[in-house]
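Chains as they are written, first to last, in this note's numbering: chain A, 1 to 343; chain B, 344 to 686; chain C, 687 to 1029; chain D, 1030 to 1372.
Beta carbons: idealized from backbone N, C-alpha and C, even for Gly.
Everything below concerns the one structure shown next.
Protein chains: 4
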Amino acid sequence: MNVGIVGASGYSGAVLVNLLLGHPHAKLAAVTSRQHADKPLSSVIPALRGTVADTLRFSGSDASALAARADIGIWFLALPHGAAAEFAKVLVAAGRRVIDLSADFRIADLATYEKYYGHHHAPDLLPHARFVLPELTDPKWKDEIKLAAAPGCYPTSVLVPLAPLLAAGVVSREHIVVNSFSGVSGAGKKAEEAYLYCERAESAKAYSLVKHRHLAEIEEQLSLRAGAKVVVQFNPHLAPMRRGIITTITVPAAPGATLDSLYAAWRTAYVGRPFVCILPSGETPDSAHVTGTNRVDLSAVLDPRTGNIVITSAEDNLVKGASGQAIQIMNLWCGFPETAGLP
Amino acid sequence: MNVGIVGASGYSGAVLVNLLLGHPHAKLAAVTSRQHADKPLSSVIPALRGTVADTLRFSGSDASALAARADIGIWFLALPHGAAAEFAKVLVAAGRRVIDLSADFRIADLATYEKYYGHHHAPDLLPHARFVLPELTDPKWKDEIKLAAAPGCYPTSVLVPLAPLLAAGVVSREHIVVNSFSGVSGAGKKAEEAYLYCERAESAKAYSLVKHRHLAEIEEQLSLRAGAKVVVQFNPHLAPMRRGIITTITVPAAPGATLDSLYAAWRTAYVGRPFVCILPSGETPDSAHVTGTNRVDLSAVLDPRTGNIVITSAEDNLVKGASGQAIQIMNLWCGFPETAGLP
Amino acid sequence: MNVGIVGASGYSGAVLVNLLLGHPHAKLAAVTSRQHADKPLSSVIPALRGTVADTLRFSGSDASALAARADIGIWFLALPHGAAAEFAKVLVAAGRRVIDLSADFRIADLATYEKYYGHHHAPDLLPHARFVLPELTDPKWKDEIKLAAAPGCYPTSVLVPLAPLLAAGVVSREHIVVNSFSGVSGAGKKAEEAYLYCERAESAKAYSLVKHRHLAEIEEQLSLRAGAKVVVQFNPHLAPMRRGIITTITVPAAPGATLDSLYAAWRTAYVGRPFVCILPSGETPDSAHVTGTNRVDLSAVLDPRTGNIVITSAEDNLVKGASGQAIQIMNLWCGFPETAGLP
Amino acid sequence: MNVGIVGASGYSGAVLVNLLLGHPHAKLAAVTSRQHADKPLSSVIPALRGTVADTLRFSGSDASALAARADIGIWFLALPHGAAAEFAKVLVAAGRRVIDLSADFRIADLATYEKYYGHHHAPDLLPHARFVLPELTDPKWKDEIKLAAAPGCYPTSVLVPLAPLLAAGVVSREHIVVNSFSGVSGAGKKAEEAYLYCERAESAKAYSLVKHRHLAEIEEQLSLRAGAKVVVQFNPHLAPMRRGIITTITVPAAPGATLDSLYAAWRTAYVGRPFVCILPSGETPDSAHVTGTNRVDLSAVLDPRTGNIVITSAEDNLVKGASGQAIQIMNLWCGFPETAGLP
């Protein structure tokens, strides 16, 4: 099946190209980039020298021209929010399936989206789109949508461990504190002083406290699964590494909850899921162990002194946190083996 | 004034030697290390080549021989807990002032110490010792003790921002969640696989959840200042950097508390203190900005949606978190300018 | 075809396991490790959690038991030199094909081997073994040997660019100066102070000047291709990164040689080779662009002022410099596509 | 004595400010930056929070206004080449002493300068300026010049080890091959994609082969000391670290030269010099051991097989390679102790 990528010049775009070039059932037939139109893919993604990326070239990004490509079965959008919605409009109208890596269609509630992101460029598309986290979203999405919104990197690292526990009533819905620690690639490939090597090496800091945009989808999804409104404290931090996110969630245990019931909730939720790995309590996930894979590692401990549960997760922000998950969505949507093409 | 260091072959020992060699009022007259006895300091601390460290040699570590050194005004102990107490006994008995970098005398309650650290090697010394965090500890310590216990690295990063807020009633005493990220030097100079470059680079992970030893002094000190028992969730993490600790504390605001009252509490507590730097709300501390200095940077935000206050701090784990603070203690104890010899 | 690995607990062993688990034509049927016998592979190689590595276990390392495995078509030896030869003896005697990642069979001349490595544990095997660098070694090796010696990491980075140029008479045979910078994984997974994170981060240094063991195979192979004895200056350095080797070779141009004739020699030597990528003069290889791939990137410039040619190359020390090349050898030896299973 | 800095917003500027603020004999009375005029120094150099840098502000960069400051004894120029010469003209004309960190006055031969750097903005100043490397330059510079040109970072790492050996006839004047490996701060604080954290971490590469500008001063100085024209191969590389330069020089030993005569030449040249540290043969310099100091560590080996001498050096590119050396120059020029204010 032919696939295309719109806007593949950033870090998650490079991972997406890399993974799709090795996919047994998908053929990368178009990759667009305004900035790099006509250049070979490998000139922008040098890790791909010596492969078909030497001959495949970026094409321009005219939405109607892309929509006219009847040969493309699925379009991946690796664009900034706002721009993604513009392309989504045209491609969905032309009957193409779309997997969007931006935030544009992750949030069902328009008012919430606009509070965090501003004006929505394609609100009419919202009813036909859905936030799809394969391990959590009801599988009927495959038949009900025209556009799948791949979740954000931080949200994935929060929802995978926490959502089933809220649904199972193992943890409290209040006093949830989420601390995440991300590699610098999460910020994108922007030539800004703050992301220079000399600024970020040997440096760690919190940022975007209180108002990080990912709160929108984190809370919407958690509230959905808890059956009631959930509000969390989300504290993201920049870490001196390129890739990886670790997330540590502290939340009071629900009355009567035990570590066993927590682990049971996880096992039930994730039985047979190839990309969720539950570690024994006491063994904590390490971002280096998941980097390059589409896996989320989870673990939890119960603190008898505080009555809190402390949950830890790790993922690769560019893979399970973006491009790997997008491909996982494609696999399920198109009936391929869920793990096809994923490391 | 002559000073000596017992056990200076690790990372904080090297910083201690470095700082003392440049101190205008202290003269490093003895540095002991069982492992390196008779070697020049610079052979173990190569950063100090070309200085007096080329001729100053490590001496052996016989406690009585050290105690006999009537010329040494203050002894710094840079030893593991347990071993530190053994030396402290002998040195204090000989009438020497001691500044201990270990945990042995940080905790006033013997039962608490033993729960976390095991058997105490010098409990009789406890009444004559005290946890001394210069910015917080009542200044009368200078006249009342024979041994000053320099606080632990994580505890410093927690207590400096949090203690005044508990004392001023600006934050709740409950639901305190502390997340810290530390550079690898905090683990010491141990030749263990877990601390190899290839294991720690591009890697972040939580560790010692629920039971980290620093909980003992963190909670004892917080309870002291809150005037009631305080229990916290303390989640430490290893970061892929050599030095630095960032700490992010989430705690509900007390009823009626505002960001202004929080900042006022800080300013009151730290007026005139040279090593506490209060950043405007919204500007978060960066560990790279404090590395090499004896400074703690602080900041806070108030989240109206959750009612939580999120406090962030940064310090250099080897300086303000260990050796710099030890020297700051010496300065105050001996009547030197508080900032003498500190970067 | 079933394959086995002897001694897979180090960094190149982990890469070998990882690549073989994804190989379309090879099935990893045995992985031995004295240290980790009976543990699941993923307990030692956590990056492989969630795969068959969770159920595949390390087995013990009794050479005769391994030799008795008639189902194993090829054995990979990922052992230290000396130990490798011991296992090779037994396995080859039992009629198994062996690909050795150690230095034991890379050097044809026994006296040279012994000068650098000491006593040879299986000299009788030498006539049946050969140094195999697929892009350079005469293809008849496939029919003539019982054991293929995979080249060393540094040697690969030197020979791939330099050997064809010596053979073509484009560069001088004298005054060859090779400087290499390697990631720390090249040192192995040894719990030694020198390889601790805090010792290697932000640190670069030369080491093993004049006498690095890799000189043995570098000079033997260069002399072979030059048709005369070649001696080089080889200066290795440790770089503050985990993976990758860059090598910069300075050598006088041969009389009449031009940059064009140099590039022509490369293109002729490497026409159709999937893992050699020749960059235009002026564009230098970056180790980050080849990490994770089996590729060597090359480039060269000619300095009219000095008459020197400066050649630059980059490879991943664990892939093309070890395990990837070993698999490439297997592919050719067994008639699989040369790129099978290689990223 | 009052000093001023023109253009202190980059990495070496920050080091210069930091060192001068702690200098016992110099008082930092003016720091200019077009970009940051009126901001407190600590807003641009956050490492200096909590010091006088909180109140000292950047001023504008009008050359005549600066020249009018009769209270400033020495001006440091931390500007790009070209701009530096413009300011130098005005300041020297006003009778001020100037220490220039740019390349503008390092090269005595105008034609050479123009070949590498383009049009010279103040050629009339050249006779009153001089390249000053304190350990090498004839001390009479103090009385003969109006402007001291602080050497470049790479050149310092080359000249300190090599110049005395050429002068003493211990090494050949031909076939000199210099390989250097520098931290990223050497590239400056430019918001360019190539210097982003994600581009430079885990990456090493050669750059500016054959034509690096530092060749101009390296060869001019070496030729001076060799008493004949010297041409070298200079191969710089970018390393994944923030600070530090290691340089490895390969050069044939002169006939009759021995390692002893080499070390004797060094000892003679550097007797009593506080910032040159000669390591025993076999012990190689490590950039991490000199970072933060004004020291150059040197070592050499003689390879009997090749007849080459391999010299290794390490320095901190921002200290001995720039700002530390500039202060060392000031110390000598003004009669302060040579080590004043230098770590």
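- Quick one: what does DSSP say Asn294(A) is sitting in, helix, strand or coil? By one-based count along the first sequence, residue 294(A) stands at place 294. Taken through DSSP and simplified to helix, strand or coil, Asn294(A) comes out as coil.
- Query: Going straight from the alpha carbon of Ala537(B) to that of Leu882(C), what length do you get?
  - Reply: Along the second sequence, read from residue 1 onward, the residue named residue 537(B) stands at position 194. Along the third sequence, read from residue 1 onward, the residue named residue 882(C) stands at position 196. A straight-line Cα-Cα distance of about 9 Å links Ala537(B) and Leu882(C).
- Who does Glu1344(D) pair with in a DSSP beta bridge? Here residue 1344(D) corresponds to residue number 315 of the fourth sequence, with the count starting at 1. Its beta-bridge partners are Ile1274(D).
- Query: From this set, Ile862(C), Ala836(C), Leu752(C), Ala835(C), which residue's C-alpha is nearest Pro847(C)'s C-alpha?
  - Reply: The residue labelled residue 847(C) in the question sits at position 161 within the third sequence. Closest by alpha carbon: Ile862(C).
- How long is the line joining the alpha carbons of Thr1084(D) and Ile652(B), rounded to whole angstroms? Start at 1 with the first residue of the fourth sequence, and residue 1084(D) comes out as number 55. Start at 1 with the first residue of the second sequence, and residue 652(B) comes out as number 309. Thr1084(D) and Ile652(B): Cα-Cα distance of roughly 30 Å.
- Message: Whole angstroms are fine: how far does the CA of Ala716(C) sit from the CA of Gly690(C)?
- Response: Position 4 of the third sequence, counted from the first residue, corresponds to residue 690(C). Position 30 of the third sequence, counted from the first residue, corresponds to residue 716(C). C-alpha separation (whole angstroms): 4 Å.
- Query: Apart from the five residues just before and just after Ala940(C), which ones in its own chain have a Cβ nearer than 6 Å to its Cβ?
  - Reply: Here residue 940(C) is taken as the residue at index 254 of the third sequence, counted from 1. Result list for Ala940(C): Gly855, Val856, Val857, Ser858, in chain order.
- Message: Please state the DSSP three-state secondary structure of Gln1262(D).
- Response: Here the question's residue 1262(D) lines up with position 233 in the fourth sequence. Three-state DSSP puts Gln1262(D) in a strand.
- Bounding residues of the alpha helix (DSSP H) (the contiguous stretch that carries Ile1356(D)): Mapped onto the fourth sequence, residue 1356(D) falls at position 327. Segment 1353-1363, the alpha helix (DSSP H) holding Ile1356(D).
- Let me know the beta strand (DSSP E) ranges lying completely inside the stretch 1147-1217 of chain D, each 3 residues or longer, listed in chain order. 1158-1160, 1176-1178, 1205-1211
- Does the beta-carbon distance from Arg439(B) to Ile417(B) come in below 9 Å? As a working note, residue 439(B) is residue 96 in the second sequence. As a working note, residue 417(B) is residue 74 in the second sequence. Their beta carbons are under 9 Å apart, which means Arg439(B) touches Ile417(B) by this criterion.
- Task: Run down chain D in chain order and give the residues with a C-beta less than 7 Å from the C-beta of Ala974(C).
- Result: Start at 1 with the first residue of the third sequence, and residue 974(C) comes out as number 288. Simply Glu1231, Ser1232.
- Task: Pick out the complete beta strand (DSSP E) segments inside the stretch 698-767 of chain C, 3 residues or longer, and give them in chain order.
- Result: 713-718, 758-763
- Query: With DSSP run on the structure shown, which of helix, strand or coil describes Ser947(C)?
  - Reply: Here residue 947(C) is taken as the residue at index 261 of the third sequence, counted from 1. Three-state result, Ser947(C): helix.
- Taking just the CA atoms, how far does Ala396(B) sit from Asp443(B)? On the second sequence, position 100 is the one that residue 443(B) refers to. On the second sequence, position 53 is the one that residue 396(B) refers to. Going by the C-alpha atoms only, they are around 23 Å apart.
- Inter-residue CB distance, Ser1316(D) and His1266(D) (contact presumed, cutoff 8 Å): Here residue 1316(D) refers to the residue found at position 287 of the fourth sequence. Here residue 1266(D) refers to the residue found at position 237 of the fourth sequence. Not quite, the Cβ-Cβ distance comes to about 13 Å (not below 8 Å), so this is no contact.
- Message: Beta-carbon within less than 7 Å of Leu948(C)'s beta-carbon, same chain only, minus the 5 sequence neighbours each way: which residues are those?
- Response: In the third sequence, residue 948(C) corresponds to position 262, counting from 1. Within its own chain, the residues whose Cβ lies closer than 7 Å to the Cβ of Leu948(C), once the five positions on either side in sequence are excluded, are Leu851, Val856, Ala986, Ile995, listed in chain order.
- Going by beta carbon distance, what residues of the same chain come within less than 7 Å of Pro1023(C), once the five residues before and after it are set aside? By one-based count along the third sequence, residue 1023(C) stands at place 337. The residues are Asn1017.
- Given a cut-off of 9 Å, decide if Ala657(B) and Val633(B) are closer than it, judged by their beta-carbon atoms. Counting from 1 along the second sequence, the entry for residue 633(B) is found at position 290. Counting from 1 along the second sequence, the entry for residue 657(B) is found at position 314. Cβ distance < 9 Å, so Val633(B) and Ala657(B) count as in contact.
- Arg638(B) classed as buried or exposed, judged by whether at least 16 other C-beta atoms fall within 10 angstroms: For the purposes of this step, residue 638(B) is taken as residue 295 along the second sequence, with counting starting at 1. By the neighbour-count rule (16 or more Cβ atoms within 10 Å), Arg638(B) is buried.
- Item | Endpoints, the alpha helix (DSSP H) within which Val1119(D) is located | Locating residue 1119(D) in the fourth sequence gives position 90, counting from the first residue. Val1119(D) -> alpha helix (DSSP H) spans 1112-1122.
- Relative to the alpha-carbon of Asn1047(D), which residue among Lys1068(D), Pro1069(D), Ala1076(D) has its alpha-carbon at the smallest distance? Here residue 1047(D) corresponds to residue number 18 of the fourth sequence, with the count starting at 1. Nearest C-alpha to Asn1047(D): Ala1076(D).
- Message: Suppose the cutoff is 6 Å on Cβ atoms and the five residues either side in sequence are ignored; what does the same chain contact list for Phe961(C) look like?
- Response: Counting from one through the third sequence, the residue named residue 961(C) turns up at place 275. Excluding sequence neighbours, Phe961(C) sits near Asn980, Arg981.
- Could you give the residue range of the beta strand (DSSP E) that holds Ile1136(D)? By 1-based counting over the fourth sequence, the position of residue 1136(D) is 107. Here Ile1136(D) belongs to no beta strand (DSSP E), and DSSP marks it neither H nor E.
- Ala1255(D) bridges to which residues according to DSSP? For this step, residue 1255(D) is matched to residue 226 along the fourth sequence. DSSP lists no partner for Ala1255(D).
- Query: What's the call for Val614(B), buried or exposed, on a 16-neighbour Cβ count within 10 Å?
  - Reply: For the purposes of this step, residue 614(B) is identified with residue 271 of the second sequence, where counting begins at 1. Exposed.
- Cβ of Tyr799(C) less than 9 Å from any chain B Cβ? Start at 1 with the first residue of the third sequence, and residue 799(C) comes out as number 113. No, its Cβ sits nowhere closer than 9 Å to a Cβ of chain B.
- Under a Cβ-count criterion, where at least 16 other Cβ atoms within 10 Å of its own Cβ denotes burial, should Gln576(B) be classed as buried or exposed? Position 233 of the second sequence holds residue 576(B). Gln576(B) should be labelled buried.
- Task: Give the interface partners of Gly1350(D) over in chain C, defined as CB-CB distance under 7 Å, in chain order.
- Result: In the fourth sequence, the residue the question calls residue 1350(D) occupies position 321. Result: empty, since nearest Cβ-Cβ is about 14 Å, beyond 7 Å.
- Mind the definition here: the stretch 583-591 of chain B touches the stretch 461-476 of chain B only if three or more C-beta pairs lie below 8 Å; say whether that holds. The stretch 583-591 of chain B, when compared against the stretch 461-476 of chain B, does not touch it at the 8 Å Cβ threshold.
- Assess, as a yes-or-no matter, whether the stretch 443-456 of chain B is touched by the stretch 547-560 of chain B under the definition of 3 or more beta carbon pairs within less than 8 Å. yes
- Query: Where DSSP assigns a beta bridge to Ile995(C), which residues make up the other side?
  - Reply: Along the third sequence, one-based indexing puts residue 995(C) at 309. The partner list for Ile995(C) (beta bridge, DSSP) reads Val937(C), Leu988(C).
- Item | Beta carbon of Ala1114(D) nearer than 9 Å to that of His1157(D) | As a first step, residue 1114(D) must be located in the fourth sequence, where it is residue number 85. As a first step, residue 1157(D) must be located in the fourth sequence, where it is residue number 128. Contact: no.
- Message: Distance cutoff 9 Å, beta carbons only. Does Pro1366(D) sit that close to anything in chain B?
- Response: Looking up residue 1366(D) in the fourth sequence gives position 337. It does not; no Cβ of chain B falls within 9 Å.
- Query: Which residues does DSSP pair with Leu882(C) in a beta bridge?
  - Reply: Along the third sequence, one-based indexing puts residue 882(C) at 196. Bridge partners of Leu882(C): Leu539(B).
- Query: Does the beta carbon of Asp316(A) fall short of 8 Å from some heavy atom of the ligand ATP?
  - Reply: Absence of the ligand ATP is noted for the structure shown, with no ligands found whatsoever.
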